[in-house]
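Q: Quick note on numbering: the sequence shown equals residues 1 to 323 in full-length UniProt numbering.
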Amino acid sequence: MVARSSEVRPSAVRHNASPGAGGRRRRGAGRLAGLGLGGAALLVLLTGCDVGKTFGGFGWPQGGITPESHRMYDLWIASCIAALAVGVFVWGLIFWCVVRYRKRGNELPVQTRYNMPMEFLYTIAPILIVSVLFYYTAIVQTDVNKTTKNPDVTVEVVAFKWNWQFNYRDGQGRDANTVASTLGTSEVIPVLVLPTGKSIRFEEQSRDVIHSFWVPELLFKRDVMPGNVRNVFEVSSLDQEGAYVGRCAELCGSYHAFMNFELRVVSPEKYDQFLAAKKAGKSTQEALTAIGENPYATTTEPFKTRRNTANFNPDSASAGAGS
Ligand SMILES: [Cu+2]
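1) In whole angstroms, what is the alpha-carbon distance linking Gly57 and Gly281?
2) Below 8 Å, how does it come out for the segment 216–223 and the segment 187–197: are there three or more Cβ pairs, yes or no?
3) Count the other CB atoms within 10 Å of the CB of Phe303; is the residue buried (16 or more) or exposed (fewer)?
4) Going by other Cβ atoms of all chains shown within 10 Å of its Cβ, with 16 needed for buried, is Ile291 buried or exposed?
5) Return yes when at least one heavy atom of ligand 1 lies under 7 Å from the C-beta of Glu262, else no.
6) Any idea if Gln165 is buried or exposed, counting beta-carbon neighbours within 10 angstroms, 16 or more meaning buried?
7) Measuring from the CB of Glu204, is there a heavy atom of ligand 1 at a distance below 7 Å?
8) Pick from Met259, Lys149, Lys161, Phe95: whose alpha carbon is nearest that of Ile200?
9) Please classify Ala125: is it buried, with 16 or more other beta-carbons within 10 angstroms of its beta-carbon, or exposed?
10) Between which two residues does the alpha helix (DSSP H) carrying residue 376 extend?
11) Can you tell me where the beta strand (DSSP E) holding Pro195 begins and where it ends?
12) Would Ser18 be called buried (16 or more neighbouring beta carbons within 10 Å of its own) or exposed?
13) Exposed or buried, which one is Met72 when buried takes at least 16 other CB atoms within 10 Å?
14) How about Tyr271: is its C-beta nearer than 8 Å to some C-beta of chain B?
15) Could you name the residues of the same chain whose beta carbon sits closer than 7 Å to that of Val86, not counting the 5 residues immediately before and after it, in chain order?
16) Are there 16 or more other CB atoms within 10 angstroms of the CB of Tyr168, so buried, or fewer, so exposed?
17) Between the C-alpha atoms of Asp239 and Glu68, what's the straight-line distance to the nearest angstrom?
18) Can you find a heavy atom of ligand 1 that lies under 7 Å from the Cβ of Met225?
19) Leaving out five residues on either side along the sequence, give the residues of the same chain with a beta carbon under 6 Å from the beta carbon of His211.
This is the structure we're talking about:
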């Protein structure tokens with residue numbers, strides 16, 4: 001409902017029934033404003049990438065290294081621009097009403113009721129907005145969740161309190177075999193070596209509680225579940241060589257915050273050499289050295305889990321001893 005007042009002045013009824021020259025002028029101005037807004041929105045959409053960069057990704061992390069991450073990033077930027085456009089339009093209407101219909105005397109302004117075009121508009125417009133957002137979200141989500149029959153590389157991600165094991169597999173599913181494996185310990189951060197330009201399938205499994213596999217540069221996390229649930233996701237390629245920190249993104253216990261790993265993206269040739277060295281029985285550190293890579297993680301370091309009188313709050317311990 002537009003107005004609650006039951007009193008409708010005859011002049012208002014007359015005005016609604018037959019809009020005069022003023023009404024036509026106003027409608028023309030509205031159409032112009034709509035055109036202007038549409039044009040501005042289109043311009044903003046065309047320069048979407050730059051807009052994202054200018055506004056720091058609207059809070060979304062930048063620098064994704066997979067095609068999937070770029071699609072999710074673009075969806076976020078487009079949604080923010082759409083929300084801002086709607087916001088600016090609504091704020092504009094509010095301020096316009098505040099100025100145009102401010103109190104000028106004691107006479108009541110025109111009381112409009114049962115304005116069908118307006119009620120139709122504010123029912124249809126939100127439905128349209130939600131439908132468009134839903135449509136693009138569904139498309140990107142389906143694309144990100146898509147798995148293929150024969151990915152180039154399959155890695156089994158095994159999470160446990162509070163570290164990771166990565167098993168390179170010779171096929172998909174539970175029945176495939178592990179051909180090489182990397183295990184993290186309290187002293188050594190596990191390094192997951194993967195090639196550029198290949199599709200990679202991650203099959204996740206937890207030994208105890210729920211963890212979450214997260215490499216910020218993938219712009220993606222997926223829970224690692226215990227029991228029979230084997231969460232699977234794929235990336236169609238890793239586009240940039242480098243070392244990327246990986247984390248557990250699900251509060252899983254005391255040392256959750258230190259459950260880190262490193263994703264090391266190398267060329268396919270180096271990856272093949274690495275895997276061959278691992279299969280030949282070399283340790284991950286030896287295999288990394290063999291392909292000319294840093295043998296230890298460079299993006300994070302192991303958390304010192306040992307507690308004793310020498311390293312547990314030494315300042316207060318000595319203060320206590322002196323008093
Ligand atoms: Cu965890």
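Built from N, CA and C at the ideal position, the CB exists for glycine as well.
A: The answer reads as follows:
1) 44 Å
2) no
3) exposed
4) buried
5) no
6) buried
7) no
8) Lys149
9) exposed
10) Residue 376 is absent from the model: the chain starts at 1 and stops at 323.
11) 191–195
12) With a pLDDT of 41 at Ser18, under the threshold of 50, the modelled position of that residue is not reliable, and the figure given next carries that caveat. With fewer than 16 Cβ atoms within 10 Å of its Cβ, Ser18 is classed as exposed.
13) buried
14) Absence of chain B from the displayed structure is noted, only one protein chain being present.
15) Once the five neighbours on either side are set aside, the close Cβ partners of Val86 are Ile129.
16) The residue in question, Tyr168, is buried, as its Cβ has 16 or more Cβ neighbours within 10 Å.
17) 11 Å
18) no
19) Taking C-beta separations shorter than 6 Å and ignoring five residues to either side along the sequence, the partners of His211 in its chain run Ala159, Val224, Cys248, Glu250, Cys252, following chain order.
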